[in-house]
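Below is one structure, written out as structure tokens; comments come after it.
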């Protein structure tokens, strides 16, 4: 009985060779910036043209491949697009960021965090503490201000949302009242700061949110070019530089 189970497991691992061979054609089409002639698809997939055509016919029936009736060129089909979009929709930034945060924390020796836009604003969803004599922590679930934290400034500069604008206006109003300035004055200064952030690709906060703590933050963009998260590093003033050309940045 054990040997029979072992044989079944071996067969499962072997899979279906013809599918694996045919996938080489799909990879060849995916790697090309434009549609391809049969000979080119076959050559890039490493198989004879006659064999490649049989696979392509089956793929066309499935919607994975389409052929232009006028030019005879092959390209990825509608079902390939559906598969790609479904795969992208399943990407989990928090899960994907895990090993990146661990590596970054080890490389720079500083506490690092991942923030995403939530119902209440820029929200810390994961952090990795560097440790050491003095620790800098960032609690998961905390919502960060948009104008006085490195993370919030990264979202203010790169994230696009009507809710962000509403929250930003409210923060500017509160800052203006506390400083005895007009909202227009505060917004003008903030606009210059955001322009600098976009130019350098990184935001900075030198002890403005938490006394004695510096922070730098960089935006993370999705496949559509839209900001989906921010990666932030935190450290003690004096040992943690926030200049755009610093090693931390």
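Numbering (this note's numbering), first residue to last: 73 to 321.
The beta carbon of each residue, even a glycine, is placed where N, CA and C say it ideally should be.
Inset, instruction - Quick one: using the 10 Å Cβ neighbour count with 16 as the cut-off for buried, is residue 138 buried or exposed? - result: buried
Inset, instruction - Whole angstroms is fine: what's the gap from residue 313's alpha carbon to residue 113's? - result: Our two residues, residue 313 and residue 113, have alpha carbons roughly 52 Å apart in a direct line.
Inset, instruction - Name, in chain order, the residues that DSSP records as bridge partners for residue 26. - result: Nothing in the structure corresponds to residue 26, since the chain is present only between 73 and 321.
Legend entry - Three-state secondary structure assigned by DSSP to residue 146: strand
Legend entry - Nearest-angstrom beta carbon gap, residue 303 and residue 200 [assumed within contact, 8 Å]: Not really, about 11 Å apart at Cβ, beyond 8 Å.
Inset, instruction - Below 7 Å CB to CB, which residues in the same chain sit around residue 259 once its five sequence neighbours on both sides are set aside? - result: 244
Legend entry - 8 Å Cβ cutoff met for residue 128 and residue 146: For the pair residue 128 and residue 146, the CB atoms are nearer than the 8 Å cut-off.
Legend entry - Completely contained alpha helix (DSSP H) runs for the stretch 199-246, where each covers 4 or more residues: 222-230
Legend entry - Of the residues 306, 272 and 232, the one placed nearest residue 296, counting alpha carbons only: Comparing Cα-Cα distances from residue 296 to each of 306, 272 and 232, the minimum goes to 232.
Inset, instruction - Would you tell me roughly how many angstroms separate the C-alpha atoms of residue 320 and residue 105, rounded to the nearest one? - result: 36 Å
Inset, instruction - Would you check if the distance between the CB atom of residue 308 and the CB atom of residue 273 is smaller than 8 Å? - result: Taking 8 Å as the cut-off, the beta carbon of residue 308 is found no closer than this to the beta carbon of residue 273.
Inset, instruction - Go through its chain and collect everything with a Cβ distance to residue 317's Cβ below 7 Å, but skip five positions before and after it. - result: none
Legend entry - Residues near residue 108 by beta carbon distance below 8 Å, same chain, minus five either side: Contacts found: 100, 101, 116, 145, 146 and 147.
Legend entry - Terminal residues of the beta strand (DSSP E) in which residue 119 lies: Element bounds for residue 119: n/a, residue is neither H nor E.
Inset, instruction - Check the DSSP bridge columns for residue 293 and list the partner residues they point to. - result: 299
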